[in-house]
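To start, the structure itself, in structure tokens.
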Amino acid sequence: MTQPAIAAERLVKLYQGRPAVDGISFTLPADSLTGLLGGNGAGKTTTIAMIMGLLTPTSGEVRVLGADMQRERFRALKHMNFVSPYIDLPMRLTVRQNLMVFGRLYCVDDLADRIGVLAREFDIHDLLDRPTGRLSSGQKTRVSLAKALINQPKVLLLDEPTASLDPDTADWVRARLERYRSESGATILLASHNMNEVERLCERVIIMKKGQIEDDGTPARLLQRYGRLTLEEVFLDVARGSSGIREPVL
Amino acid sequence: MLPAAVRAYVNPFFDRETAMRDSMQTALSDYTDSLRRIAAMVGRYSYVMRGSWPRLAELVYWPAVNMLMWGFVQTYIGQKAGYFAQAGGTFIGAMLLWDILFRGQLGFSISFLEETWSRNLANLLISPLRPVELAIAMMIMSLIRLAIGIVPVSIVANVVFGFNVYGMGIALAAFFMNLILTSWAVGILVSGAILRNGLGAESLAWTVMTLFMPLACVFYPVAVLPSWLQTAAWMLPPTYVFEGMRALLIDHQFRADLMIEAFALNLVLFIVGATGFAKLMDAARRNGTLLQTGE
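Those sequence lines, one after another, are chains H and S. When we follow this note's numbering, the leftmost residue of the first sequence carries the number 1254, and every step to the right adds one. When we follow this note's numbering, the leftmost residue of the second sequence carries the number 685, and every step to the right adds one.
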């Protein structure tokens, strides 16, 4: 059997005795794009932080590419990367300097060529010699994505990658993510509040609520199960607990 | 082609040799990758430093102001009191050595603070950069910052006050090594506190070394302290260095015994610093503060 790219086993994270993540288990196969949905405080960011090894689970285990993230994280980290609007790149450095630094940290060979490819791919050629702190939100997101793909990661974690972007830029970012996934066969886990984004990109959706997995399935299957036309309606049902699973409406 | 029986006998040796060669290549590759990551971080901090002339100027400004002030104090007192006339350069020497200790720790901690100020720490912690590689990069930056700050000031001290710190020779190397080890050990511990407590612990980076100043007896001999404080003073490695400096400048005697004792204490301090950092990092991973560091 093929080894899953990410395997979470009975993950629990307690803060002062209160569960932020409460015994979740899931596996993500290689070459898959999964959405992690949930309201504020549902446990999405905590889950992603545990997958990256930034946070120690109270109990349970996370394996990425077969490596236990508590004991042997460095075996996996060189094949992973992460984008979040809540983490910045050093603002005083130019875009090129930032990409050089992270390229070297990931020991990327032919780094100048790789930066050239990413500059074309993300249309940041004209930004390369500008300080990162002087870029607009959309430009910063493109640069962050370029940084996240500098090592051609096998596992890419995205925490609300299109938050605060205008619809056009957000659409552009989604197209790039789709292309990267189809070209590289990477495993992508996308935490988002944007239902359209999840519906468009993800072949599987995990819905979290109060630290637990409330539902898990393909977007089509979830729509059918809740008898809704959009994932947003499904999300509202789950978040408000206003309705149980319904019979399919057809 | 070898007969099967001979192959069966010989293959394990070849397999073992191949395995050993593979593991050596892996170790070499790991070592090279490690050096690349350290160089990446040194490059990262150098970009920041080169891109800001006020930061560069600040590296020289305070050591220069301190050295000039203490230099003139020494000149004045030296004209009035015979003892100080004999103790040529103790104030200037003490100030220069103090700056190695203070600026060495600050240079280390500022590199770490750069990551929290720019909210970049999580990017580093999810990269293959090991904590020990980050620490080595910060040590290198601390040396670079010190060189930029102290070398020009030491030349000015020679020109203006006739005090040649390099005239201390091998003793200067011993003083420097002990002071920089103390500064790094404290810097590592402060970085751990910032990891654990976020920027709330930033003020530690600027002030922790001043706790050493009265007890390390920078400008006066240990004998001046009350006896109960002398015990505490002798627990600090810099105390041995400043006593050693006075022995050199006043009695013209290099006290190797003091340097060895300082080195032994520094080893203990370094182990405490590294262990403390590892424990604070673990606590930060448990408490979830690694994602929240920033302004």
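Beta carbons: idealized from backbone N, C-alpha and C, even for Gly.
Opening and closing residue of the alpha helix (DSSP H) in which residue i lies
i       : result
V1451/H : 1448 to 1454
K1400/H : 1390 to 1401
D783/S  : 774 to 801
D1490/H : 1484 to 1493
E647/S  : This structure gives no information on residue 647/S, because the portion of chain S shown stretches from 685 to 979.
G1356/H : 1348 to 1358
Q1477/H : 1472 to 1479
L808/S  : 805 to 809
Own chain residues within Cβ distance below 6 Å of residue i, not counting five before or after
i       : result
R1326/H : G1306
S1337/H : D1412
L1410/H : I1301, F1335, L1442
L719/S  : none
L879/S  : L964, M965, A968
S826/S  : G788, G791, F792
Q1256/H : G1319
Environment of residue i [buried if 16+ CB atoms lie within 10 Å]
i       : result
W912/S  : exposed
E701/S  : exposed
A962/S  : exposed
W737/S  : exposed
L920/S  : buried
L1264/H : buried
G1319/H : exposed
S1390/H : exposed
G1369/H : exposed
D1379/H : exposed
R721/S  : buried
D783/S  : buried
S811/S  : buried
N1293/H : exposed
A1329/H : buried
H936/S  : exposed
A711/S  : exposed
L895/S  : exposed
M1333/H : buried
Q758/S  : buried
R1316/H : buried
Cβ neighbours of residue i in the same chain (closer than 7 Å, five flanking residues each side left out)
i       : result
R930/S  : T774, P905
I872/S  : A819, G957, A958, F961
V732/S  : E798
V1491/H : I1460, K1462, E1467, D1468
Q914/S  : V906
I1403/H : L1352, F1355, G1356, Y1359, V1361, R1367, L1371
Host beta strand (DSSP E) of residue i (start-end)
i       : result
Y1268/H : 1259 to 1268
T1422/H : Not the beta strand (DSSP E): T1422/H falls in the alpha helix (DSSP H), residues 1420 to 1437.
I1368/H : Where I1368/H is concerned, there is no enclosing beta strand (DSSP E), although the alpha helix (DSSP H) it sits in stretches over 1364 to 1374.
M1461/H : 1457 to 1462
L1504/H : Here chain H has residues from 1254 to 1503 only, and residue 1504/H is not among them.
L1409/H : 1408 to 1412
Whole-number beta carbon distance between residue j and residue i, since they are thought to touch under 8 Å
i       : j       : result
R803/S  : D1341/H : 4 Å
R787/S  : G833/S  : 6 Å
A877/S  : M751/S  : Going by Cβ atoms, the distance from A877/S to M751/S rounds to 30 Å, so no, they are not a contact pair.
I1277/H : A1295/H : That pair is no contact at about 11 Å.
V874/S  : L888/S  : 5 Å
T1219/H : T1422/H : The first residue shown for chain H is 1254 and the last is 1503, placing residue 1219/H beyond what the model contains.
V1408/H : L1418/H : About 23 Å separates the two Cβ atoms, so there is no contact after all.
R1457/H : T1471/H : 6 Å
L785/S  : L863/S  : 4 Å
R814/S  : T1309/H : With a Cβ gap of about 17 Å, R814/S and T1309/H do not count as contacting.
8 Å CB neighbourhood of residue i in its chain, flanking five on each side removed
i      : result
G928/S : A855, A858, F859, F938, R939, L942, M943, A946
L953/S : L865, T866, A869, V870, P921
P837/S : The residue you asked about is not Pro; residue 837/S is Val in the sequence shown. So the qualifying residues of the chain are V744, P747, A748, M751, L780, D783.
Extract the residue ranges of the alpha helix (DSSP H) inside the region 907 to 966 of chain S, only unbroken runs of 4 or more that lie entirely within it. 911 to 917, 921 to 935
Runs of 3 residues minimum, wholly inside the region 1278 to 1332 of chain H: which ones carry the beta strand (DSSP E) assignment? 1286 to 1291, 1312 to 1317
What residue ranges within the region 815 to 895 of chain S form continuous alpha helix (DSSP H) runs of no fewer than 4 residues, ordered along the chain? 815 to 845, 854 to 881, 886 to 891
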